[in-house]
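One structure below.
Protein chains: 2
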Amino acid sequence: MLNQDLTLDEQLAYLTKGTAEVINEVELRAKLEKSRKSGEPLTVKVGFDPTAPDLHLGHTVLIRKMKHFQDLGHRVIFLIGDFTGLIGDPTGKNRTRPAMTREEVLENAETYKAQVFKILDPEKTIVDFNSRWLGSMSSNDLIRLCAKYTLARMLERDDFSRRLNQQLPISIHELLYPLAQAYDSVALKADFELGGTDQKFNLLVGRDIQREYGLEPQVLLTVPILEGLDGVEKMSKSLHNYIGITEKPEEIYGKVMSITDLLMWRYYELLTDLTPNQIAALRGSVENGAVHPMQAKRDLAALIVTDFHSVEASVEAAEHFSRVFQQRENPEDMAEFRIAAEGGAILLAEVLSRTEFTATKSEAKRLIKQGGVSINGEKISDPMLQVDPASYPEFILKVGKRKFGKIILK
Amino acid sequence: MLNQDLTLDEQLAYLTKGTAEVINEVELRAKLEKSRKSGEPLTVKVGFDPTAPDLHLGHTVLIRKMKHFQDLGHRVIFLIGDFTGLIGDPTGKNRTRPAMTREEVLENAETYKAQVFKILDPEKTIVDFNSRWLGSMSSNDLIRLCAKYTLARMLERDDFSRRLNQQLPISIHELLYPLAQAYDSVALKADFELGGTDQKFNLLVGRDIQREYGLEPQVLLTVPILEGLDGVEKMSKSLHNYIGITEKPEEIYGKVMSITDLLMWRYYELLTDLTPNQIAALRGSVENGAVHPMQAKRDLAALIVTDFHSVEASVEAAEHFSRVFQQRENPEDMAEFRIAAEGGAILLAEVLSRTEFTATKSEAKRLIKQGGVSINGEKISDPMLQVDPASYPEFILKVGKRKFGKIILK
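Protein chains in written order, with the numbering used here: chain A, 9 to 418; chain B, 9 to 418.
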């Protein structure tokens, strides 16, 4: 059912809110107008990597944009790009990327669903797999597809031209993947494709290839890449600056509270459904002193926890936060670590490396040097500090801003 | 049956005679040695274009090299690259190259056979089609193949790098064809691949790809590109400097007689089975005056006519040549053209354009200007010359060196 309550301009504003780029607005308006007249929903394609179903808030910017299309009654396709996953790494160089089995693909699809259905409407979301059409393509079909694009245009993609210039190898098959993904738009007859700004090139190839197959080109809407907790780098698992959407309520809440006031407004824009007007009003109140920035941030944290858990969970997380971080109390249910110190005194770094907080002694030493470790509330700075079970049989260890543990030396 | 009469060194000399390059001789010797011991013949792959079954002497250099392998008992595969032909021009830009039907491919194969079996032994020649394995390849297989080669190496091919530098378009599918052809060597488990020097890059890709699929790399033998009758450009239909192998005996004979004395030695080397020693001896005799160069050329012409027709045909062609070109007689059975000149005098160029000698009036005028046209043995130079049926009711027209016609103006 198409949502006919909004005017065309309101629909446009709703769909383009928070986007980085729309290519192009004229076509977007025309498509919406056509759909409004015919009552036929439009098809929205969004591709996801089959190997990484562990989502963080960075991904939700895109998923939230999918939801906006769902809200207006359009047909949103969560497309899992399993064709490439089923091939694996054909160069054989990447041992960590063997070909996936169909079972693994389906398992990852379930993990994805469990996460994205926190935002998307399961009833309205079509989960599809591009192996359905790419897998049955013949070499002949693939060659015909490749004939529709030139090498020069493919080399306009930043990472290809950079690698070629730096004499880093590009395997010929890598040139085929953007075309295969573009063909997905042909197979689905996509009206829209959504993606991060880093996907713009691939999305544009989709437009070109659709034209080559006699279809009306899809309209692209790119969303910004969300900055991580540091406010500088993009949010990513490997940079450890992320909020996973399956994290516990108090973790999510605490991490949101750790961001800068400036980043808070970016998160408001990209991670909530508040309208631009509502956000501007709130920002005004903070700037004129009517609302304390800490309160605005607590509201943001509560909104985000509610999205991925529940209102109750967000209330509890807020209370937990007040206790631990504001009143500087130690949390109630702290993990206990019993660590053997048989030779008497033991390096604090060694103790840390035996907890879940750090993986290695050298990482522990680095953390201590950076001032990220306290014992019983007292910050430690000497990475070579030894603790003696005789004088410290038990103590509270704090690592970073939010991790606590009770250490019992034996 | 392997030919075991020759020593290994004699085999090597026989197979490398007249080649431009062998990559590499050590492997060539090892393969021959292994085959000699096991009694197993080796597999020789030679690829041919499915769309051009009309062969000229330029092609026979390669076909003769195939015969040398057959003479030694090896397994020679005449491979018709019909896979690409069946696809046609997938860019749709080349209207003269639509996809071929299987019937057309088979028909062309028959035309090829009729020609190449003038040189090759039909009993020993395997005619195969690469659509047999490439046609049943899945997109997945093709991607795996493409993963085995880098773009940088592909761009080492002269025409790709030149076109990229000159900003001429290269479609992505063009990058796949060298890999598909290389895969032919995998499918056939080729021990050798033969080709013109202009095919060296593609043949080398075959070596690389065979290694990637765990096979021993094929040994390449390239043969020189034969110069055309002009002695400068390569022999080619489009340059009109060729001798087609289905041409009439007297045409072939006459065309051979038209080449320079220098080119004659090149043709001896590449178009006959005379050994290097035999050719050197003949050349010596010509240089010290024991043999007239014209006689050496007549022997060459006779050898070539015999190859593609018969000894009898070569004797007749020699007699025809003596009559027409040496004694400057008009040939016996001259074509007659009855041309209407109703308005009285008519341009000679117009007359020419109505015979089979030239297609258009402007071509006829050019020929006249170049001094290529005579009337009754008298060279004409004025392209605007008119002939009047009153004074010239009949005359002998000579066009170029070897074409005669009787013109009757009415």
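Beta carbons are placed, not taken as given, at the ideal position from N, Cα and C, and that holds for glycine. Keep in mind it's a predicted model, so treat the numbers as computed, not measured.
Is the shortest distance between the beta-carbon of B/Gln174 and the beta-carbons of chain A less than 8 Å?
no
Could you tell me if A/Thr230 is buried or exposed, where buried requires 16 or more neighbouring beta carbons within 10 angstroms of its beta carbon?
buried
Specify the secondary structure class of A/Phe365 as computed by DSSP and reduced to three states.
coil
With 9 Å as the C-beta to C-beta threshold (strictly closer), list the residues of the segment 253-272 of chain B near chain A in chain order.
none
How about the segment 267-276 of chain A and the segment 239-254 of chain A: do they share at least three Cβ pairs that are nearer than 8 Å?
yes
Name the residue from B/Gly89, B/Leu360 and B/Pro58 whose alpha carbon lies nearest to the alpha carbon of B/Lys373.
B/Leu360
DSSP on A/Ser179, reduced to helix/strand/coil?
strand
Tell me which residues of the segment 148-163 of chain A have at least one Cβ-Cβ distance to chain B shorter than 9 Å, keeping chain order.
Asn148, Asp149, Leu150, Ile151, Arg152, Leu153, Cys154, Ala155, Lys156, Tyr157, Thr158, Leu159, Ala160, Arg161, Met162 and Leu163
Beta carbons nearer than 9 Å to chain A: which residues of the segment 177-188 of chain B have them?
Pro177, Ile178, Ser179, Ile180, His181, Glu182, Leu183, Leu184, Tyr185, Leu187 and Ala188
With 9 Å as the C-beta to C-beta threshold (strictly closer), list the residues of the segment 131-147 of chain B near chain A in chain order.
Leu142, Gly143, Ser144, Met145, Ser146 and Ser147
Checking contacts by CB at 8 Å: is A/Pro98 closer than that to chain B?
yes
Proximal residues to B/Phe168 (C-beta, below 7 Å), its chain only, five neighbours per side dropped
Met162 and Ile178
DSSP on A/Gly297, reduced to helix/strand/coil?
coil
Given a cut-off of 8 Å, decide if B/Asp13 and B/Gln78 are closer than it, judged by their beta-carbon atoms.
no
Is the beta carbon of B/Ile233 less than 8 Å from the beta carbon of B/Gly204?
yes
Looking at the C-beta of A/Ile95, does it have a partner C-beta in chain B at a distance below 8 Å?
yes
Three-state secondary structure (DSSP) at B/Ser147?
helix
To which residues does DSSP link A/Ser399 through a beta bridge?
According to DSSP, which records beta bridges pairwise, A/Ser399 is partnered with nothing at all.
Report the rounded CA-to-CA distance for A/Leu80 versus A/Glu258, giving the unit in angstroms.
33 Å
Relative to the alpha-carbon of A/Gln19, which residue among A/Leu40, A/Glu201, A/Leu228 and A/Ala188 has its alpha-carbon at the smallest distance?
A/Leu40
To test your reading of the DSSP string, which unbroken beta strand (DSSP E) runs of 3 or more residues are found completely within the segment 70-128 of chain A?
83-88
With a threshold of 6 Å on Cβ separation, who are the neighbours of A/Phe427 within its own chain once the five nearest residues in sequence on each side are excluded?
This structure leaves residue 427 of chain A out entirely; chain A is present only between 9 and 418.
Determine whether the beta carbon atoms of A/Leu87 and A/Asn138 lie at a separation below 8 Å.
yes
Cutting at 8 Å between CB atoms, please list the residues of its own chain near A/Ile134, excluding the five before and the five after it.
Arg83, Val84, Ile85 and Phe86
Could you tell me whether the Cβ atoms of B/Leu196 and B/Thr51 are closer together than 8 Å?
yes
Contact defined as beta carbons within less than 8 Å: I believe A/Leu183 pairs with B/Leu159. What is the distance between those atoms, to the nearest angstrom?
7 Å
Let me know the secondary structure DSSP gives A/Ile404 once reduced to three states.
strand
May I ask you to report which of helix, strand or coil DSSP gives B/Glu224?
coil
Where does B/Gly351 land, buried or exposed, given buried means 16+ other C-beta within 10 angstroms?
exposed
For A/Ser244 and A/Gly66, which I take to be in contact (beta-carbon distance under 8 Å), what is that distance rounded to the nearest angstrom?
7 Å
How about B/Ser266: is its Cβ closer than 7 Å to a heavy atom in the ligand ZN?
Within the structure as shown, the ligand ZN is missing, as the structure has no ligands at all.
Under 7 Å Cβ to Cβ from A/Pro391, same chain only, skipping five residues before and after it: list those, please.
Ala357, Lys373, Ile376 and Lys377
Beta-carbon proximity list for A/Pro58, same chain, < 7 Å, skipping 5 on both sides
Ile88, Gly89, Asp90, Gly93, Met108, Val113 and Asn116
Select from B/Lys406, B/Glu118 and B/Ser193 the residue whose C-alpha is nearest the C-alpha of B/Ala60.
B/Glu118
Spatially closest choice to A/Met74 from A/Val227, A/Ile151, A/Ser293 and A/Lys53, by CA coordinates:
A/Lys53
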